[in-house]
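Undergrad: Residue numbers (the numbering used here), protein chains in the order written: chain H, 1 to 148; chain P, 1001 to 1148; chain R, 2001 to 2081; chain B, 3001 to 3081.
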Amino acid sequence: MEAPFDAGEVLSSFQAQLNGAGAMVSFTGIVRDTDRGDLEAMKIEHYPGMTESALTQIAEDAKARWDLNDLLVIHRYGRLVPGEVIMMVATASRHRKSAFEAADFMMDYLKSRAPFWKKEITHSGAEWVASKEDDEAALASWTTNSKT
Amino acid sequence: MEAPFDAGEVLSSFQAQLNGAGAMVSFTGIVRDTDRGDLEAMKIEHYPGMTESALTQIAEDAKARWDLNDLLVIHRYGRLVPGEVIMMVATASRHRKSAFEAADFMMDYLKSRAPFWKKEITHSGAEWVASKEDDEAALASWTTNSKT
Amino acid sequence: MKVLYFAWVRERIGVPGEEVTTSATTVSELIDELSAREERYASAFADLTAVRVAVDQTLVPLDTSIENAREVAFFPPMTGG
Amino acid sequence: MKVLYFAWVRERIGVPGEEVTTSATTVSELIDELSAREERYASAFADLTAVRVAVDQTLVPLDTSIENAREVAFFPPMTGG
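(1) Which first and last residues belong to the beta strand (DSSP E) in which GLU3038/B is found?
(2) Hey, VAL1025/P and ALA1114/P are a contact pair by Cβ (cut 8 Å); roughly how many whole angstroms apart?
(3) According to DSSP, is VAL3020/B part of a helix, a strand, or is it coil?
(4) What residues from the region 1090 to 1121 of chain P come within 8 Å of chain B, judged by C-beta to C-beta, listed N to C?
(5) Per the DSSP calculation, PHE14/H is bridged to which residue(s)?
(6) Along chain H, which residues have their Cβ under 8 Å away from the Cβ of THR2079/R?
(7) Classify ARG2012/R as helix, strand or coil using the three-state DSSP reduction.
(8) Which residues does DSSP pair with MET1088/P in a beta bridge?
(9) At a cut of 8 Å, does the region 3005 to 3013 of chain B reach the region 83 to 103 of chain H through at least three beta carbon pairs?
(10) Just to confirm my understanding: we take PHE989/P, look at its own chain, exclude 5 residues before and 5 after, and list those with CB closer than 7 Å. What are they?
(11) Could you check the C-alpha separation between VAL31/H and PHE116/H for me, to the nearest Å?
(12) Applying a beta-carbon distance threshold of less than 7 Å, which residues of chain R neighbour GLU45/H?
(13) In the structure shown, what three-state DSSP assignment does SER1112/P receive?
(14) Starting from ALA1130/P and walking both ways along the beta strand (DSSP E), at which residues does that stretch end?
(15) Whose Cβ in chain P lies nearer than 8 Å to the Cβ of ARG21/H?
(16) If you draw a straight line from the alpha carbon of ASP1038/P to that of GLY20/H, how long is it in whole angstroms?
(17) Give, in chain order, every residue of the region 3035 to 3055 of chain B whose Cβ lies closer than 7 Å to some Cβ of chain P.
(18) Does the Cβ-Cβ distance between VAL3051/B and PHE3045/B come in under 8 Å?
(19) Under the assumption that GLY29/H contacts GLY1022/P (Cβ atoms under 8 Å), give the Cβ distance between them as a whole number of angstroms.
(20) Whole angstroms are fine: how far does the CA of LEU139/H sit from the CA of MET2001/R?
(21) Once you ignore the five residues that flank MET1050/P on each side, which residues in its own chain have a CB closer than 8 Å to its CB?
(22) Examine the ligand MN and report whether any of its heavy atoms sits within less than 7 Å of the Cβ of MET1107/P.
(23) Taking the Cβ atom as the reference point for each residue, do GLU3033/B and ALA3024/B lie within a distance shorter than 8 Å?
(24) With 8 Å as the threshold, decide whether the Cβ of MET1050/P is near any Cβ in chain B.
(25) Could you tell me whether any Cβ in chain P is nearer than 8 Å to the Cβ of SER3061/B?
(26) Once you ignore the five residues that flank ARG3040/B on each side, which residues in its own chain have a CB closer than 8 Å to its CB?
(27) Using the C-alpha atoms, what's the distance from GLN2057/R back to HIS46/H?
(28) Between the beta-carbon of ILE2066/R and the beta-carbon of VAL2027/R, is there less than 8 Å?
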């Protein structure tokens, strides 16, 4: 989605509709300034249509692997400034381990399979963020429901 | 602490005072009903004085192992009802992996080293929750900053 | 067939998408055909290890058939999250 | 010396804490001494694999000295989180 959101408010709503969960994990990605401290904005491009189906697929895959009460994934696109929330995943389960693993898995999945591309706009120009070679490897390391 | 709190509100405040973090992970423990569905309340006993020093120690240990922008740990005691938040940890780091690992570590540490004891009050009586043998093992499995 | 470009692939080719009439039967053939047409395509597709492709919004390998495809998209590895 | 009890250890002994005057020099000796005094202590300390101990609010093994201790606490393995 394009609109800004507050991670805490999302977590409160997520928790409010849970039933029988004992553990809830959230991950929030935040626009971080460059090491040089000159980031003006982060522009996030996405592939409309494919984005929605990729996020749905990530959620379904996580549900198939772990016994989850509920889960959530939100990813923004458009122009964001340092400190703004980029994306969030939340998982709820009866037990801690599943909630942690499913959230970690969803992040690995999302990094290499959800069609978003980040471009950093700094005082000295604009540059596409390079993908990390280990993102694909991280996703591949998940067997059914544990990381190897 | 004894007073109830909202996990989302805590997460919002935690995020608001971060500086330079790119990743934020939270874990929230929630009172879960018994499998029989007869839980009236969860009573949490604690060891005043030692509780505070144990939680401080957990936070310091996590900070020493990972490069964190900030972290937080809250644990309630007293009488809680199903659905209420028991405890929460939150971590913030430049990178995702540290935030996840530090939160996971803090939970392992807290489970076997923070002086809290849970008692389940059901229609048929009251029973102390048994510790899991693998809680100590889980903590022992952490080398400096990775789980083995 | 609709062909879409994202991120620096889009920037090099200069348009976000276009209708393409082609006799190519696979993604690879389509890439070769476009690269032969104009330098901006050849530049975008110069290093295929840095290019990912989706056919009808599903990630696929370069040897995938496009014979019944409605939409083919080219882009760099994703950097969301 | 202040001796504290928590959870089911507290319930079996019947008090949350008490002042104890003892000549015991280690935690183990204190346990033996208390157990010899009354059945409620013997019952609480019957299975020592299920008992944890803190001396001055720090978790310690059973052979730890209590000679300079101000506070000793006995409790089951912790179940927070």
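For each residue, glycine too, the CB sits at the ideal point set by N, CA and C.
Note that the structure is a prediction, hence the values are computed from the model and not measured.
TA: Concretely, from the data shown:
(1) Neither: GLU3038/B is in no beta strand (DSSP E) and is coded neither H nor E.
(2) Going by Cβ atoms, the distance from VAL1025/P to ALA1114/P rounds to 19 Å, so no, they are not a contact pair.
(3) coil
(4) MET1107, LEU1110, LYS1111, SER1112, ARG1113, ALA1114, PRO1115, PHE1116, TRP1117, LYS1118, LYS1119
(5) DSSP lists no partner for PHE14/H.
(6) LYS111, PHE116, TRP117, LYS118, TRP128, VAL129, ALA130, SER131
(7) helix
(8) THR1028/P, ILE1074/P
(9) no
(10) There is simply no residue 989/P to check, as chain P begins at 1001 and stops at 1148 in what is shown.
(11) 14 Å
(12) PHE2006, ALA2007
(13) helix
(14) That residue, ALA1130/P, is in no beta strand (DSSP E); it is neither H nor E in DSSP.
(15) Checking the sequence shown, residue 21/H turns out to be Ala, not Arg. Result: ILE1030, ARG1032.
(16) 12 Å
(17) ALA3054
(18) yes
(19) 7 Å
(20) 32 Å
(21) PRO1115
(22) Absence of the ligand MN is noted for the structure shown, with no ligands found whatsoever.
(23) yes
(24) yes
(25) Reading off the sequence shown, one finds Pro at residue 3061/B, where the question assumed Ser. By this cut-off, PRO3061/B is not an interface position.
(26) ARG3012, ILE3013, GLY3014
(27) 12 Å
(28) yes
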